[in-house]
Amino acid sequence: MKNLLIFVVLICSLSCQSLNKWFSREPAAETARTAKHYIFTVHGLAGNETTFGSLLPTLKTHLEYADPKYEVITQTFRYATGAMDADVPQFIESFEQFLVGFFSKNRLGKDDKISIVAHSQGGLVTTLWYAKATSGNDPQQIEFASKVQTIVTEGTPFWGSGMAHIINDKLPFEWMQNLVYKFMAIGKLEVRDMSTASNKIFDFFREKANANMDYLQSPYMLNIAGVNSRSSMQMQRFNMGARLESDQVVNVPSARLGFYFYSDAMVKYVYNTVSETVTLNDFNYSQYFSHDPKLKLIETTHTKVGQSGYGMANVPGKCMDTASCDQPTYAPVFTHLSRCEEKENSCNQDNYKYLRSKLYAGDESFGASTSEALMNQMRTFQLSVNIQLPKDFVPPKDFLKSEGISKYLKVDYQYGYKKSDNKAVEPTDDALVRRESDTQDYRIQLGRYREWGSRVAKHFQETNQLNVQFTGNVKPADVEWKPTNINPFGWNEKPFPLTVSIEIPGLKKRKVTMPLRPTYTTFVELTLEK
1 MKNLLIFVVL ICSLSCQSLN KWFSREPAAE TARTAKHYIF TVHGLAGNET TFGSLLPTLK
61 THLEYADPKY EVITQTFRYA TGAMDADVPQ FIESFEQFLV GFFSKNRLGK DDKISIVAHS
121 QGGLVTTLWY AKATSGNDPQ QIEFASKVQT IVTEGTPFWG SGMAHIINDK LPFEWMQNLV
181 YKFMAIGKLE VRDMSTASNK IFDFFREKAN ANMDYLQSPY MLNIAGVNSR SSMQMQRFNM
241 GARLESDQVV NVPSARLGFY FYSDAMVKYV YNTVSETVTL NDFNYSQYFS HDPKLKLIET
301 THTKVGQSGY GMANVPGKCM DTASCDQPTY APVFTHLSRC EEKENSCNQD NYKYLRSKLY
361 AGDESFGAST SEALMNQMRT FQLSVNIQLP KDFVPPKDFL KSEGISKYLK VDYQYGYKKS
421 DNKAVEPTDD ALVRRESDTQ DYRIQLGRYR EWGSRVAKHF QETNQLNVQF TGNVKPADVE
481 WKPTNINPFG WNEKPFPLTV SIEIPGLKKR KVTMPLRPTY TTFVELTLEK
């Protein structure tokens with residue numbers, strides 16, 4: 001009996017040592033950590049340090065286990081969301097001050113690196129801070145930006161949010177708006193800046209479209225966008241596809257930083273003139289970073305809804321045990337921040353593969369194949385048009401009404417044909433059919449039936465410019481809508497052309513053939529002349 005007891009104690013001792021080996025926070029002597037990996041979280045509108053749940057301690061444990069070189073140091077940045085007079089530029093200044101204070105106590109070493117995980121508006125704060133730091137002359141901010149290796153944005157409204165548009169532009173009375181601001185603990189200016197076709201967003205992307213981006217160091221960015229299954233009635237009403245291509249607050253194209261663009265200002269700077277007609281060849285794809293931001297589609301919501309689920313940012317404590325983690329965004333966040341799959345890394349591959357296998361074994365929806373399948377179902381695109389008007393020119397009043405936009409932005413369409421019976425398909429205002437070739441017809445819906453914010457036009461008097469934004473859909477013309485329909489693989493891997501004539505009385509006509517592609521935004525910047 002005594003021998004049996006000794007045997008049991010010995011087995012328990014060895015088991016504990018094994019567990020410590022798998023998840024020890026203390027590095028072994030032979031793998032002494034020589035550098036630091038700083039991870040900051042940046043919350044969104046009405047958020048705080050609880051937005052991310054147990055993300056930071058979980059990342060610290062798993063990343064230190066996967067990479068013996070780095071000691072992981074984490075910190076949440078909290079800013080004054082909800083203040084009525086605060087806006088994104090003020091939040092950026094707060095982030096600058098936060099970094100200065102933090103690194104006055106934590107000196108950056110040669111091999112140290114920074115990662116940022118940002119939710120919703122936090123992604124705007126992060127991206128705009130990085131752009132400001134790398135294009136500015138503040139040596140401290142330049143140093144901080146140069147150390148940023150990875151960025152993750154979760155549901156960030158780079159191109160605005162329909163929810164913010166409803167609050168900012170659709171509520172008929174100011175007292176209603178103020179009630180919403182107070183109840184939701186959100187600020188008036190931050191909602192304005194994130195609304196569809198806001199001047200803050202258009203100004204940023206116009207600047208990026210006209211800039212030669214030459215950064216000290218380009219981080220690897222991952223954009224996470226949420227999608228949701230919805231009823232057939234909702235699908236028919238909004239986007240005619242198998243899913244709601246939104247996390248219920250931010251749609252997929254808005255959550256992607258990469259975009260197609262054309263800029264009159266850039267063309268005029270290079271060639272000293274612009275043409276009346278803009279072709280597909282005149283468009284470029286954004287080179288915001290030298291590494292194009294990746295898009296990951298995940299079935300999740302912007303924030304927690306009801307008693308089930310987590311929302312895309314909130315990571316529960318049980319994810320510390322990788323096999324028990326059913327939070328859908330944690331696995332791609334961990335994988336992206338670890339950089340263990342890159343050619344040059346300092347990871348312990350056995351440890352990394354062990355963690356990753358446990359994470360992805362818990363739910364197959366975490367896998368890359370599922371994200372690709374979701375991508376193949378996507379149909380939603382965004383089109384943003386910035387029109388600079390001549391000084392003192394007053395745009396037509398009905399231009400600013402959603403139903404009046406198509407009067408001045410006229411779509412050139414071609415009749416499509418149903419291959420089954422070879423009959424012409426009549427085009428309508430929001431279901432336009434074009435024929436690209438003998439083998440591929442496609443249907444474009446510019447603006448979506450009864451969806452607030454799918455057609456928005458705003459006039460900003462101080463700069464005399466029009467901001468126009470469409471949310472629409474593209475799909476093969478011969479594919480009938482079904483709730484579970486999945487399009488042929490690769491059908492949306494390239495843009496679909498659409499020609500639009502801009503005809504505003506009193507101004508010279510312009511014709512633009514633009515690329516539209518599911519999950520992307522196309523940005524057009526025009527200067528109209530009398």
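My numbering puts the first residue of the sequence shown at 1, with every later residue one more than the last. Ideal placement from N, C-alpha and C gives every residue a C-beta, glycine not left out.
Note to self: Please classify L179 as buried or exposed, where buried requires at least 16 neighbouring CB atoms within 10 angstroms.
What the structure shows: It counts as exposed.
Notebook entry, point to check: What residue range is occupied by the uninterrupted beta strand (DSSP E) comprising Q569?
Noted result: Residue 569 is absent from the structure shown; the chain starts at 1 and stops at 530.
Next item on the list: Return the CA-CA distance between T61 and F289, expressed in angstroms with no decimal places.
Entry: Distance between the alpha carbons of T61 and F289: 29 Å.
Note to self: With H, G and I counted as helix, E and B as strand and the rest as coil, what does DSSP make of Y442?
What the structure shows: When secondary structure is reduced to three states using DSSP, Y442 falls in the strand class.
Margin query: Can you check which of these residues, E174, N199, L257, is closest to P120 by C-alpha distance?
Written below: For the record, residue 120 in the displayed sequence is Ser; it is not Pro. Checked all of E174, N199, L257; the closest Cα to S120 is L257.
Next item on the list: Take the Cβ of H336 as the centre, count every other Cβ of all protein chains shown within 10 Å, and call the residue buried at 16 or more, exposed below.
Entry: Classification for H336: buried.
Note to self: Helix, strand or coil for T335? Go by DSSP, reduced to three states.
What the structure shows: Note: T335 maps to helix in three-state DSSP.
Checklist line | L63 versus N106 - alpha carbon distance | finding: Those two C-alpha atoms are separated by around 20 Å.
Notebook entry, point to check: To the nearest angstrom, how far is it from the Cα of S384 to the Cα of F183?
Noted result: The straight-line gap separating the alpha-carbon atoms of S384 and F183 is approximately 31 Å.
Item checked: C-alpha distance - P396 paired with K508, whole-angstrom precision -> Rounded to whole angstroms, the gap between the alpha carbons of P396 and K508 is 15 Å.
Margin query: At the level of alpha carbons, what is the spacing between L280 and L498?
Written below: Cα to Cα, L280 sits roughly 9 Å from L498.
Item checked: Simplified DSSP assignment, three categories, for E525 -> Three-state result, E525: strand.
Checklist line | First and last residue of the uninterrupted alpha helix (DSSP H) at R517 | finding: Counting along the chain, no alpha helix (DSSP H) covers R517, and no H or E run does either.
Check: Going by the beta-carbon positions, is the gap between F460 and N199 smaller than 8 Å?
Finding: Taking 8 Å as the Cβ cut-off, F460 and N199 qualify as a contacting pair.
Next item on the list: Consult DSSP for K458 and reduce its assignment to one of helix, strand or coil.
Entry: K458 carries a strand assignment under DSSP once its states are collapsed to helix, strand and coil.
Next item on the list: In the DSSP assignment, find the beta strand (DSSP E) that holds Q327 and state where it starts and stops.
Entry: Counting along the chain, Q327 sits inside no beta strand (DSSP E), nor does DSSP assign it H or E at all.
Check: Roughly how many angstroms lie between the CA atoms of R322 and P316, to the nearest whole one?
Finding: Note on residue identity: the sequence assigns Thr, not Arg, to residue 322. Between T322 and P316, the C-alpha separation is close to 11 Å.
Next item on the list: Grab the span of the alpha helix (DSSP H) containing Y269 for me, first residue to last.
Entry: For Y269, the enclosing alpha helix (DSSP H) has its first and last residue at 264-271.
Notebook entry, point to check: Excluding the five sequence neighbours on either side, which residues of its own chain have a C-beta within less than 7 Å of the C-beta of Q327, listed in chain order?
Noted result: Same-chain partners within the cutoff: Y310, V315, P316, C319.
Note to self: Closer than 8 Å is the cut-off here; do at least three beta carbon pairs connect the segment 141-150 with the segment 111-119?
What the structure shows: Contact between the segment 141-150 and the segment 111-119 is present, because at least three Cβ pairs lie under 8 Å.
Check: When the Cα of Q469 is compared with those of G160, V88, I298, V227, which residue comes out closest?
Finding: Ranking G160, V88, I298, V227 by CA distance to the CA of Q469 puts G160 first.
Item checked: Rounded straight-line distance, which links the Cα of Y220 to that of A131 -> CA-CA distance, A131 to Y220, rounds to 14 Å.
Notebook entry, point to check: In whole angstroms, what is the alpha-carbon distance linking R517 and K475?
Noted result: Looking at the two C-alpha atoms, the distance is approximately 10 Å.
Checklist line | Alpha-carbon to alpha-carbon, T81 and F144 | finding: Roughly 23 Å between the two C-alpha positions.
Margin query: Would L359 and A313 qualify as a contact pair, given that the criterion is a beta-carbon distance under 8 Å?
Written below: With respect to the 8 Å criterion, L359 and A313 are not classified as neighbours on the basis of their beta carbons.
Notebook entry, point to check: To the nearest angstrom, how far is it from the Cα of M378 to the Cα of T156?
Noted result: A direct Cα-Cα distance of roughly 18 Å separates M378 from T156.
Notebook entry, point to check: Taking the C-alpha atoms as reference points, what is the distance between T153 and L222?
Noted result: L222 has its alpha-carbon roughly 6 Å from the corresponding atom of T153.
Check: Using the beta-carbon count (16 or more within 10 Å), is M84 buried or exposed?
Finding: Counting other Cβ atoms within 10 Å of its Cβ, M84 stays below 16 and is therefore classed as exposed.
Margin query: For G123 and T303, what's the separation of their Cα atoms in angstroms?
Written below: Approximately 15 Å, taken between the alpha carbons.
Next item on the list: Please report the Cβ distance between F102 and Y79, rounded to the nearest whole angstrom; I am assuming they are in contact, meaning their Cβ atoms lie under 8 Å.
Entry: Rounded, the Cβ-Cβ distance is 14 Å, inconsistent with contact.
Note to self: I'd like to know whether the C-beta atoms of V227 and E245 end up nearer to each other than 8 Å.
What the structure shows: Yes, they are a contact pair.
Check: Going by C-alpha distance, which of I201, V191, E299, S263 is nearest I224?
Finding: Answer by Cα proximity: E299.
Notebook entry, point to check: In or out: S286 buried (at least 16 other Cβ within 10 Å) or exposed?
Noted result: Its Cβ being crowded by 16 or more others within 10 Å, S286 is buried.
Checklist line | Range covered by the beta strand (DSSP E) that runs through H62 | finding: Run containing H62: none in the beta strand (DSSP E); it sits in the alpha helix (DSSP H), 55-66.
Notebook entry, point to check: Since N223 is in the beta strand (DSSP E), which residue starts that stretch and which ends it?
Noted result: Per DSSP, N223 belongs to the beta strand (DSSP E) from 220-227.
Margin query: Quick check: what's the CA-CA separation for Q465 versus E342?
Written below: Near 44 Å, if we compare the C-alpha coordinates of E342 and Q465.
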